[in-house]
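In the numbering used here, the protein residues as written are 3 to 309.
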Ligand code: CP
C-alpha cells in the first residue's frame, strides 16, 4: 500500500482517528523523561524536505520526526538552490528524486503544488503536503484536532470557533474539514471581506462576523494569523480595528478565562492575540507545537506502513 497525504479532503474519518490515536502513542514517548526509544520504521528510507516557503514549526518538526523514525533526511533550502538561477519547480524536484528519495515533504506558496508533483513523480515516491498556498495544511489540522481532543475529549457536539483571516488560510480549510469529520460544530468568524460566502455550504460550517456574539457558547477558539503575504489589498481598515473586533484581547479573555486558545503560529502579537492571552494558562500554542512532532511521527509511520 503506497500512501500520500495531500490533504484532509482525501482522508476518511477512520484514517483521521487512526493518525490522532498514533500521535497519542508518540506524545507519551515525547512526554516521558526516558530517552526517546530507537524506532526504525523508516530505516533505509530517505525523506526530502522541500520548503519553497519559509517555516519554523512544520519544517523543524518534520525533520525531528524523520530522524526519530530512523530515516535519512535531506533538507533543501530553496533560497540557495538552483531555482534562483531559473530552474523550474518540476525540474528541481525531479533532480532531487533522481537521487533515490522515498518521500517528499513539500511546502509551496501556490495551492495545488503537492497534487502537481503527484501527477509528475513516480508512484513509489510518497508526497506529504506541508502547506500549499491557501490550499491545505493537513498536518496542522491533525495536530490541532489532537490538541483539542487532549483538552476537551471527544469533539462530537463541541463548538469550535475559528477566527480571523479565513479567506487566505489553508489552516482554516483543513481544520474545517477535520473538525466537522470528527463531529464538531464549527463557526468561522471574521470580517465579511475575509469570510468567503461559499464556505458554509462547501465545508458545512456556520459563519459569523461578531466574535463577541459567538464566544459565550464556544468550547475552544482557534485564532488565525493575518496572512499578509497572500493579501493583495486592504481587507480591514487597520490592525487596531482588527484586534478590537477579532483579536483575543486581554479584556475579551477576562470574560472567558477558561476558554482554550489555539493558534497555528506564527502569531502577530498585539493583533490576533494580546501578550496577556498568548502567554496565559489558556494558551495551547506550545502544546500544539509539541503535538506537531507527534502527529508528524504518526503521518510518516502511516505513509510507509504496509497495511
Ligand atoms: N503553523 C505553521 O505552519 O508554522 P510554520 O510556518 O512555522 O511552519
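Glycine residues also receive a C-beta, built at the ideal position from the N, C-alpha and C atoms. On a predicted model such as this, the values are computed, not experimentally measured, just so you know.
Annotated three-state conformation of residue 131 is strand, per DSSP. According to the DSSP secondary-structure assignment, residue 164 is paired through a beta bridge with 190, 224. The residue among 134, 103, 111 with its C-alpha nearest the C-alpha of residue 126 is 103.
Residue side-chain check: residue 59 places its Cβ nearer than 6 Å to a non-hydrogen atom of the ligand CP. By a beta-carbon distance limit of 8 Å, residue 294 contacts residue 59. Their separation comes to about 6 Å.
With respect to residue 191, residue 163 sits close: the two C-beta atoms are nearer than 7 Å. In the DSSP assignment, the residues bridged to residue 210 are 191.
Taken through DSSP and simplified to helix, strand or coil, residue 53 comes out as strand. Within 10 angstroms of the beta-carbon of residue 265 lie 16 or more other beta-carbons, which makes it buried. A Cβ-Cβ contact shorter than 7 Å links residue 160 with residue 221.
Excluding sequence positions up to five before and after residue 117, its CB lies within less than 7 Å of the CB of 8, all in the same chain and listed in chain order. Taking the Cα of residue 45 as reference, the smallest distance to any Cα among 69, 246, 238 is reached at 69. In this structure the segment 149-159 does not touch the segment 209-216; the number of beta carbon pairs closer than 8 Å is below three.
Using a Cβ-Cβ distance cut-off of 8 Å, the segment 250-257 and the segment 272-282 are in contact, since at least three pairs of beta carbons, one from each stretch, lie closer than that value. Taking 6 Å as the cut-off, one finds no heavy atom of the ligand CP near enough to the beta carbon of residue 9.
Residue pairing for residue 285: DSSP places it in a beta bridge opposite 263.
Residue environment: residue 195 is assigned as exposed (fewer than 16 neighbouring CB atoms within 10 Å of its CB, all protein chains considered). Counting the other Cβ atoms within 10 Å of the Cβ of residue 33 gives fewer than 16, which makes it exposed.
In the three-state scheme derived from DSSP, where H, G and I count as helix and E and B as strand, residue 301 is classed as helix. Using a cutoff of 6 Å, the CB of residue 116 does not count as near the ligand CP, since none of the ligand's heavy atoms is closer than that. For residue 267, the shortest C-beta to heavy atom distance toward the ligand CP is below 6 Å. Relative to the ligand CP, the beta carbon of residue 142 is positioned inside 6 Å of a heavy atom. Beta-bridge partners of residue 48 (DSSP): 74.
As DSSP reads the structure, residue 106 sits in a beta bridge with 50, 129.
Rounded to whole angstroms, residue 300 and residue 92 show a C-alpha spacing of 28 Å. Here the C-alpha atom of residue 189 lies approximately 45 Å from the C-alpha atom of residue 87. Between residue 139 and residue 176, the C-beta gap is smaller than 7 Å, which places the two residues in contact. Around the beta-carbon of residue 90, fewer than 16 other beta-carbon atoms lie within 10 Å, marking it exposed.
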